[in-house]
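Residue numbers (my numbering): 3 to 236.
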C-alpha cells in the first residue's frame with residue numbers, strides 16, 4: 003500500500019510540474035490593442051501624433067452631452083473655415099438630431115477653433131475634431147450612435163469617428179475618396195451631413211503630405227487647422 007501511495011503521489015507531482023510549465027509558457031493572452039486602427043476604420047482612438055499637435059490652448063470640457071436645442075424642422079448649415087480655405091456642410095438634423103445638435107453646440111462654443119486635421123488618407127477620408135491633435139481627445143462626454151439613415155458613405159459625406167459603439171464625442175471625418183465606400187459594408191459611423199460647397203478645399207486638405215505614425219501612413223507633415231465653424235439656421 004505504501005509503495006502504491008508513493009507511486010500515486012509521484013505521478014500527481016509530475017503532472018503538477020508539467021501543468022505549471024505549460025501555464026508559465028502560455029501565460030495570459032494579451033487584450034487587443036485599443037488604439038489599433040486601419041484605413042477602413044475612422045476611429046477616435048489613435049496613437050499620439052506629436053508632429054501634428056496644436057498650439058497649447060484652453061480646452062473646453064463638459065461632463066454630459068448638450069441638451070437638445072436644435073429644431074428638427076429647420077435646416078442647418080455649417081461654414082467651416084480652414085487654413086486651406088472654406089467649405090460648407092449641410093447638416094442632417096432630421097436623420098441624426100442628437101449628432102447635429104452636438105456639432106452645432108460645439109461649433110457655437112468655439113470648440114473646433116484651431117483644431118488640426120490629425121489623420122489624412124487621401125483615397126479614404128480626412129479626420130479632425132480632437133482638440134489634443136492626437137486622435138484620443140474629445141469634449142469630455144460620449145453619446146450614442148444614430149445609424150438609421152438614407153445616406154451612404156461616399157466622397158463628401160461627413161460622419162462621426164468613434165472607438166466603438168456609442169462612443170461619439172467631437173471627432174468627425176469627411177469622406178474624400180472611393181475607399182470610403184467600403185464603409186457601406188459595415189456602416190458603424192453616424193452620418194450627419196454632406197459637403198455642399200467647397201469640396202475642392204476638402205480635397206486640398208486630403209492632398210496634404212503624410213508620413214507613417216507607426217500604424218498607418220496618415221500623419222500630416224504640415225499643420226492644417228480649422229479656424230472657425232459658423233452655423234446658419236433657416
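Cβ coordinates follow ideal geometry from the N, Cα and C atoms, glycine included.
Predicted, not measured: the structure shown is a model, and the values here were computed from it.
Tell me, which residues are paired with residue i by DSSP?
i: residue 195; result: 93, 160
i: residue 222; result: 212
i: residue 230; result: 83
i: residue 235; result: 78
i: residue 70; result: Note: residue 70 sits in no beta bridge, so no partner.
i: residue 121; result: 129
i: residue 175; result: 129, 161
i: residue 170; result: 145
i: residue 136; result: None, per the DSSP bridge assignment.
i: residue 151; result: According to DSSP, which records beta bridges pairwise, residue 151 is partnered with nothing at all.
i: residue 188; result: Answer is none; residue 188 lacks a bridge partner.
i: residue 88; result: 83
Excluding the 5 residues flanking residue i on each side, which residues of the same chain have their C-beta closer than 7 angstroms to its C-beta?
i: residue 233; result: 78, 80, 106, 109, 110
i: residue 157; result: 177, 178, 179, 182
i: residue 83; result: 229, 230
i: residue 210; result: 122, 222, 224, 226
i: residue 72; result: 78, 95, 99, 102, 103, 106
i: residue 27; result: Here residue 27 scores only 34 on pLDDT, less than 50, and its place in the model should not be relied on; the value that follows carries that caveat. Here the set comprises nothing.
i: residue 31; result: Confidence is the limiting factor: at residue 31 the pLDDT is only 29, short of 50, which leaves the residue's position unreliable and the question unanswerable from this model.
Exposed or buried, which one is residue i when buried takes at least 16 other CB atoms within 10 Å?
i: residue 185; result: buried
i: residue 236; result: exposed
i: residue 165; result: buried
i: residue 213; result: exposed
i: residue 70; result: exposed
i: residue 15; result: With a pLDDT of only 49 at residue 15, under 50, the local geometry of the prediction cannot be trusted, and the value read off the model is given with reservation. Exposed, since its Cβ has fewer than 16 Cβ neighbours within 10 Å.
Have a look at the options and flag the residue whose alpha-carbon is nearest the alpha-carbon of residue i.
i: residue 174; options: 122, 235, 76, 75; result: 122
i: residue 128; options: 236, 235, 203; result: 203
i: residue 140; options: 148, 126, 118; result: 118
i: residue 64; options: 172, 96, 225; result: 172
i: residue 44; options: 67, 112, 155, 62; result: 155
i: residue 125; options: 215, 146, 208, 212; result: 208
i: residue 143; options: 168, 150, 152, 153; result: 168
i: residue 191; options: 153, 86, 115, 214; result: 153
i: residue 67; options: 116, 145, 163; result: 145
i: residue 74; options: 97, 61, 150; result: 97
i: residue 85; options: 115, 62, 170, 61; result: 115
i: residue 147; options: 93, 112, 189; result: 189
i: residue 193; options: 170, 187, 162; result: 162
Once you ignore the five residues that flank residue i on each side, which residues in its own chain have a CB closer than 6 angstroms to its CB?
i: residue 91; result: 80, 160, 195, 197
i: residue 88; result: 200
i: residue 206; result: 86
i: residue 112; result: none
Below 8 angstroms CB to CB, which residues in the same chain sit around residue i once its five sequence neighbours on both sides are set aside?
i: residue 76; result: 95, 235, 236
i: residue 150; result: 97
i: residue 61; result: 133, 134, 139
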